[in-house]
Structure formats: C-alpha cells, structure tokens
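Counting from 1, one number per residue, gives the positions in the sequence shown under full-length UniProt numbering.
Heads up, the beta-carbon is just placed ideally off N, CA and C, and yes, glycines get one too.
Since the model is a prediction, treat every value here as computed from it, not as a measurement.
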Amino acid sequence: MMHFACHNKSLKMDPYRFSYSPVVERPKLSWPNGARVAVWVCPNIEHYEYLPAEVRVRNPWPRMPHPDVLGYGGRDYGNRVGLWRMFEVLDKHSVRCTVSLSMSVIEMYPEILEAMEARRWEYMSHGYFNTRYHWGYSEQEEREVIEHSKATHLRMTGRKLRGWFSPAISNTLATPDLVREAGLDYICDFYHDDQPTPLATKHGTLMHVPYTMDLNDALIHRQPVEAEEFAQMIVDHFDTVYREGSENGRVMCIALHPYMMGAPHRLKHLDRALGYIRKHKDAWVCTAEEILDWYVANGLKPYQQHLGKEA
Numbered sequence: 001m002m003h004f005a006c007h008n009k010s011l012k013m014d015p016y017r018f019s020y021s022p023v024v025e026r027p028k029l030s031w032p033n034g035a036r037v038a039v040w041v042c043p044n045i046e047h048y049e050y051l052p053a054e055v056r057v058r059n060p061w062p063r064m065p066h067p068d069v070l071g072y073g074g075r076d077y078g079n080r081v082g083l084w085r086m087f088e089v090l091d092k093h094s095v096r097c098t099v100s101l102s103m104s105v106i107e108m109y110p111e112i113l114e115a116m117e118a119r120r121w122e123y124m125s126h127g128y129f130n131t132r133y134h135w136g137y138s139e140q141e142e143r144e145v146i147e148h149s150k151a152t153h154l155r156m157t158g159r160k161l162r163g164w165f166s167p168a169i170s171n172t173l174a175t176p177d178l179v180r181e182a183g184l185d186y187i188c189d190f191y192h193d194d195q196p197t198p199l200a201t202k203h204g205t206l207m208h209v210p211y212t213m214d215l216n217d218a219l220i221h222r223q224p225v226e227a228e229e230f231a232q233m234i235v236d237h238f239d240t241v242y243r244e245g246s247e248n249g250r251v252m253c254i255a256l257h258p259y260m261m262g263a264p265h266r267l268k269h270l271d272r273a274l275g276y277i278r279k280h281k282d283a284w285v286c287t288a289e290e291i292l293d294w295y296v297a298n299g300l301k302p303y304q305q306h307l308g309k310e311a
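Right, here's the structure in full:
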C-alpha cells in the first residue's frame, strides 16, 4: 500500500481562491447579541422549462423523450401549491428568508413576487432557469446570464442584486471572477465551511456565505430520506453547531424546495424543526445579506490577519 505525505505548508487546496484554515485555530467570531449560530433559511424557488432550450453536458430531464411531464409537474406543484404552505410555516416562526431564485420566476409569476416582497425576503440569483446548466458555457455566455439576472432583479424589485448561486450547482472555473466582475457581493457555490470565507478573484475579494447540501430537502428526492428524518437532521445539526458556537460562531443554512417540503405530509416536520430552533434565544435567525454584512464589518479583518500570520 502506498502512503503519501505532504510537509509543504505552501500547498493549498485552491491557492487561487482561498487558503486553508482550521476552524479551531481562527479568531473568535461573534454574532449580534452574543448569538452562537447564525441560521438562514433558503427556499429554492425555481422554474424548470417544460421543453428545455439547451441540452448540453447533461439532459435537464432524465426521462426521455421530452416532455418529462412527471418531472415538470412535480416541480410546478411547488410554485402552484407547496410554496404557499411554506409561507404559512415560515411566517409562524418569523423567518425572513433569502431565496435561491430562478430569476424567470418573478417575471412569470407576479403573485409569487408580491408575496415575497410583502415578507421583505431577499433574493440571490440561481440563474434564469434551473434547466439551463452553466457547465461548458464560455465566459461571455455566463457573463450574459449574470448580467441578465442583475437587470431582471433591478427592474422587478428596484434593488441591487448582491448574491449568486449557480443554477443546479453548475458553475464554471470562471464563475467567481464573473460574479465579482458584475459587482455582486457574495456567492454560495462552495460548501467548504461553517463560517463565511473571502474568495480571491481577478476583480478583488468575493465573499462566500455558507450554503448546504447536507441540510437540503433535495435529499428526499435523491436518497432514501423522508421528511421526519430530514427534520431530525436539522435538529441534530443545530445542536452541534450551537454547542460549537459557544467558542466560535457558526453559520447554519437550511435549504428547502417548495415541491419537496411544501408537500402536505412533510410540512409538519419543517414546522417542528423551526420551532425547535426558535426555542433558543441565542440563535440568530437571519438572512444571507445580514450574515455577509455583519461578517465583513466584524469578522473579515481578524480572519485576514490570522491568515497573514499563518502564511
């Protein structure tokens, strides 16, 4: 059996984007009012094309030939029915969300935009359609999608778009550079930490706000997991980062899809999990932008100084 050892500390996982830093060695990160953990809830409100205009690296609908009525219908259910159930539970627990948003949704479904605006929700772009993957895009093609997202968001909300999460997690090597070039402030395409991370780009620092593929109800779609177990995963995850947060603040993201947790038999489990978190007064239930702004103002400089000492 071969064994490989590396004693060169200058070797990094990704020297261009971010440096390695063990969380146990970092400066203490404190959240507002001494909160141990910053919890943000991220509904993925998406649109899937009935007949995808692009079939490149991967077919957006695995059932062939198109149309995949079963796949499309299930996701359409989320926007027509499931989302409206989720609104009720999120309102019950006073959760203001940051949405991973297919930007086409707010053009096609004004009722959804009106409901989200009434709740003062934030939006990060999840591309325009969730059936248009960015794998294999040229820089110009990807740049045009990002700019289109910016323009759509500004036109429909009157606000600057600040965040990016590539559609179907289909980023390219250039994505962080293009996101920063477009003037956005954060990205969620990496899943490598429980605290925000500065990423290097050709156009300056881009912040990463921790997203999750573990506490993501897409597990129900892809793996033998159901809502009761998923809710218990949320509780167990929270208990761990809440305990760790007494020493150094953590971020916890809960990623949801209306066509999954908005189903009638699953909603009560989401209700239970959010109710459990809300019992903890030193859990900061917030948005991605609130995490970003607090960290940039209070945590970024100590972290950068720490990296400088380690270099």
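- Message: Within a Cβ cutoff of 7 angstroms, which residues of the same chain sit near L307, ignoring the five residues on either side of it in sequence?
- Response: Counting only Cβ-Cβ distances below 7 angstroms, and skipping sequence neighbours, we find S19, S21.
- May I have the straight-line CA-CA distance separating G305 from P198, to the nearest angstrom? Here residue 305 turns out to be Gln, not Gly, going by the sequence shown. Going from the Cα of Q305 to the Cα of P198 covers about 12 angstroms.
- Within the region 4-77, note down every full beta strand (DSSP E) run reaching 3 residues or more, in order along the chain. Here the runs fully enclosed are 37-45.
- Task: With Q181 as the anchor, note down where its beta strand (DSSP E) starts and where it stops.
- Result: The question names Gln, but residue 181 is Glu in the sequence shown. Here E181 belongs to no beta strand (DSSP E); instead the alpha helix (DSSP H) covers 175-181.
- Message: Looking only at its chain, what residues have a beta carbon closer than 7 angstroms to the beta carbon of C253, apart from the 5 residues adjacent to it on each side?
- Response: Short of 7 angstroms from the beta carbon of C253, and not among the five residues preceding or following it, lie these beta carbons of its own chain, in chain order: W40, C42, P210, Y211, T212, L215.
- Message: If you reduce the DSSP assignment to three classes, tell me which class H192 lands in.
- Response: Note: H192 maps to coil in three-state DSSP.
- Message: Pairs of beta-carbons, one from the region 171-186 and one from the region 136-148, closer than 8 angstroms: are there three or more?
- Response: Contact between the region 171-186 and the region 136-148 is present: three or more C-beta pairs spanning the two stretches fall below 8 angstroms.
- Item | Uninterrupted beta strand (DSSP E) stretches inside the region 134-167 (no shorter than 3 residues) | Entirely contained in the region 134-167, not one beta strand (DSSP E) run reaches 3 residues.
- Message: Can you give me the C-alpha to C-alpha distance between H47 and L274, rounded to a whole angstrom?
- Response: If I take the Cα positions, the gap works out to 26 angstroms.
- Message: Report the CB separation of G249 from W31 in whole angstroms; it is logged as a contact under 8 angstroms.
- Response: 5 angstroms between Cβ atoms; contact.
- Task: Verify whether the separation of the beta carbon atoms of I45 and V99 is less than 8 angstroms.
- Result: Cβ distance < 8 angstroms, so I45 and V99 count as in contact.
- Just checking my contact of L270 with V89 at CB under 8 angstroms: how many whole Å lie between their CB atoms? For a cut-off of 8 angstroms, the C-beta gap from L270 to V89 is around 6 angstroms, short enough to register as a contact.
- With a 10 Å radius around its C-beta and 16 neighbouring C-beta atoms as the bar for buried, classify W33 as buried or exposed. A small fix is needed here, since residue 33 is Asn in this sequence, not Trp. In the assembly as shown, N33 is an exposed residue. Its beta-carbon has fewer than 16 other beta-carbons within 10 Å.
- Query: Which residues bound the beta strand (DSSP E) around L206?
  - Reply: Counting along the chain, the unbroken beta strand (DSSP E) around L206 starts and ends at 204-208.
- Item | Cutoff 6 angstroms; reference residue 335; Cβ partners in own chain excluding five residues on either side | Any question about residue 335 goes unanswered here, given that the chain covers just 1 to 311.
- Message: Taking only three categories from DSSP, how would you classify Y303?
- Response: Three-state DSSP puts Y303 in a helix.
- Message: Between which residues of its own chain and W84 is the CB-CB distance below 7 angstroms, once the five residues before and five after are set aside?
- Response: Same-chain partners within the cutoff: there are none.
- Apart from the five residues on each side of it in sequence, which residues of its chain come closer than 6 angstroms, Cβ to Cβ, to S170? Excluding positions up to five away in sequence, the list reads Y133, H134, W135.
- Where does Y16 land, buried or exposed, given buried means 16+ other C-beta within 10 angstroms? It is exposed - the Cβ of Y16 has fewer than 16 other Cβ atoms within 10 Å.
- Task: Would you identify the three-state DSSP class for L219, choosing helix, strand or coil?
- Result: The answer is helix: DSSP assigns L219 an H, G or I state.
- Message: Given this structure, state the Cα-to-Cα distance separating residue 312 from H237, to the nearest angstrom.
- Response: This structure cannot settle anything about residue 312, because the visible part of the chain is limited to 1 through 311.
- Message: When you compare the CB positions of S102 and N130, do they come within less than 8 angstroms of one another, or not?
- Response: Yes.
- With E289 and E122 assumed to form a contact (beta carbons below 8 angstroms), what rounded beta-carbon distance in angstroms separates them? The beta-carbon distance between E289 and E122, rounded to whole angstroms, is 5 angstroms. This is short enough to meet the 8 angstroms contact definition.
- The alpha helix (DSSP H) with S100 in it runs from where to where? Run containing S100: none in the alpha helix (DSSP H); it sits in the beta strand (DSSP E), 98-101.
- Taking DSSP as the reference, what is the three-state secondary structure of A200? Reduced to three states, the DSSP call for A200 is strand.
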